[in-house]
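In this text, residue positions in the sequence shown follow our numbering: the first is 6, and each later residue adds one.
A virtual CB, placed ideally from N, CA and C, is assigned to each residue, including glycine.
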Amino acid sequence: NETQNQQVSIALEQKVKSADLGDDLAKVLSLNPIYFDFDKAVIRSDAEVELARVIEVMNEYPQMQIEVRSHTDSRGYDRYNMKLSERRAKATIQYMIDKGIGADRLSSKGFGEESPVNDCKDNTKCTGKEHALNRRSEFIIMN
């Protein structure tokens, strides 16, 4: 019985998923979002676990190219947040390069606070947890 359960689990883990150009690889893989701490562009330890899965897939598909798109919450000045999101995107691709992914397969773009996942925009009262949902990176399949 134990052997059968392991075989079923392995078979389920090998389930083929399809992805199209423009899809967020993190969503295709059902990853936890890659979040950042407030006013930081440092890869958190919880993000390292999720990034390892992105790197694993990129190693399996050496032709795949990804654009890392990073975002901020709405607190702070728009211009500052744009630069912060650019630093987050660059920190994410540098992490992946350090783990062996070729720089020619990665690009980055910061979106600042332009694309929130909720209604926490300028001058909107939101909790810290609600703001945190917007401090994230996405992994858009480009090729």
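If only complete runs of 4 or more residues are kept, the stretch 47-121 shows the alpha helix (DSSP H) at 50-65 and 83-103, in order along the chain. Rounded to the nearest angstrom, the gap between the Cα atoms of Val33 and Gly27 is 11 Å. Within the same chain, and ignoring the five residues on either side of His136 in sequence, the residues whose Cβ sits closer than 8 Å to its Cβ are Phe43, Asp78, Ser79, Arg80 and Cys125.
Around the CB of Glu55, 16 or more other CB atoms lie within 10 Å, so the residue is classed as buried.
For Lys32, the enclosing alpha helix (DSSP H) stretches over residues Leu30 to Val33. Around Ser90, the same chain offers Ser75, His76, Thr77, Gly115, Phe116 and Gly117 as residues with beta carbons nearer than 7 Å, after the five sequence neighbours per side are excluded. When rounded, the separation of the alpha-carbon atoms in Arg58 and Asn128 is 36 Å. Comparing alpha-carbon positions, the option among Pro67, Tyr66, Ala94 and Ser35 lying closest to Val73 turns out to be Ala94. Contact check for Asp29 against Glu143 passes: the beta carbons are separated by less than 8 Å.
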